[in-house]
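**Student:** What follows is a single structure, and I will ask about it in a moment.
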Amino acid sequence: MAHVATTPTTCLIFLLTYMATLDELCQKGALVRIELALSPREFEDRVFYAYPDFRDWLFGPVKKAKPLDRFNLAPRFQAHALLHDFVVGKPLRVGRAFKRMRPHEHDVFELVTPDLRIFGWFPKKDAFIAVAGDFMEKTHGHDLYEGYRNKVVRERERIELDEPKWLLGASEDDVISF
9 MAHVATTPTT CLIFLLTYMA TLDELCQKGA LVRIELALSP REFEDRVFYA
59 YPDFRDWLFG PVKKAKPLDR FNLAPRFQAH ALLHDFVVGK PLRVGRAFKR
109 MRPHEHDVFE LVTPDLRIFG WFPKKDAFIA VAGDFMEKTH GHDLYEGYRN
159 KVVRERERIE LDEPKWLLGA SEDDVISF
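Heads up: the sequence shown begins at 9 in this note's numbering, then just goes up one per residue.
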């Protein structure tokens, strides 16, 4: 869409770039909203969005994976528990269940279970966008954290989301309600 302003001697053309909302990106298929079945007494206090590739990982490899430690839940149950706690607004332990990745100026966050690592950002308080996920053993063993952080930054720059695209300079306390 273009807006044209004219004067007798000049004609200026301003091109407006349309940026979408989170719901519009879901309608277009650029993002998916991960929804869980909640009990009648539970309410959705936070929203979990994901890139389609993350959803495929979550419902593919994670679903079939075995826990690293035989005393832990299977990764699919770890993922469900983390997503459930996130969505219903339960407190998440900073440093254990989620943390801001370093360097902090990238504003990338990691959600954590014993076997899983989920990388993304918060476009607004209580809304997370998961870009990528991997198994702890692979991520830690091959030192993939920087690559995943950079992937989140690249995808965030590319996505046509309304500005501001993320909570700039936000700490863990700023991105979720406790």
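Note that the Cβ used here is the ideal one computed from N, Cα and C, for glycine as well.
Taking the straight line between their C-alpha atoms, what separation do you get for Leu-23 and Val-95?
**Tutor:** Position 15 of the sequence shown, counted from the first residue, corresponds to residue 23. Position 87 of the sequence shown, counted from the first residue, corresponds to residue 95. A caution first: Leu-23 carries a pLDDT of 45, below 50, which makes its placement in the model unreliable, though a value can still be read off. Approximately 38 Å between the Cα atoms of the pair.
**Student:** Nearest to His-88 by CA position, among Val-183, Glu-165 and Ile-42, is which residue?
**Tutor:** Counting from 1 along the sequence shown, the entry for residue 88 is found at position 80. Looking at the Cα atoms, Ile-42 is the closest of the given residues.
**Student:** Rounded to a whole number of angstroms, what is the C-alpha to C-alpha distance between Ala-13 and Phe-143?
**Tutor:** As a working mapping, residue 13 is identified with position 5 in the sequence shown. As a working mapping, residue 143 is identified with position 135 in the sequence shown. Residue placement at Ala-13 is poorly supported in this model, since its pLDDT is 48, which falls under 50; the coordinates still yield a value, given next. Going from the Cα of Ala-13 to the Cα of Phe-143 covers about 54 Å.
**Student:** Can you tell me whether Gln-35 is buried or exposed, with buried defined as 16 or more other CB within 10 angstroms of its CB?
**Tutor:** Residue 35 sits at position 27 when you count from the first residue of the sequence shown. Classification of Gln-35: exposed, given that the 10 Å Cβ count is below 16.
**Student:** Output the distance between the C-alpha atoms of Asp-151 and Val-160, rounded to the nearest integer angstrom.
**Tutor:** The count along the sequence shown starts at 1 and reaches residue 151 at position 143. The count along the sequence shown starts at 1 and reaches residue 160 at position 152. When rounded, the distance between both Cα atoms is 16 Å.
**Student:** Given a cut-off of 9 Å, decide if Val-55 and Ala-135 are closer than it, judged by their beta-carbon atoms.
**Tutor:** Stepping through the sequence shown from its first residue, residue 135 is reached at position 127. Stepping through the sequence shown from its first residue, residue 55 is reached at position 47. Yes, the Cβ-Cβ distance between Ala-135 and Val-55 is below 9 Å.
**Student:** Just verifying my parser: in three-state terms, what is the DSSP assignment at Glu-118?
**Tutor:** As a working note, residue 118 is residue 110 in the sequence shown. Three-state DSSP puts Glu-118 in a strand.
**Student:** If we require 4 or more residues per run, which alpha helix (DSSP H) segments fall completely within the stretch 94-168?
**Tutor:** Qualifying alpha helix (DSSP H) stretches, in chain order: 144-149 and 153-166.
**Student:** Within 10 angstroms of the Cβ of His-110, are there 16 or more other Cβ atoms? Answer buried if so, exposed if not.
**Tutor:** Residue numbering aside, residue 110 sits at position 102 when the sequence shown is read from its first letter. Note that residue 110 is Arg in the sequence shown, not His. Exposed, because fewer than 16 other Cβ atoms sit within 10 Å of the Cβ of Arg-110.
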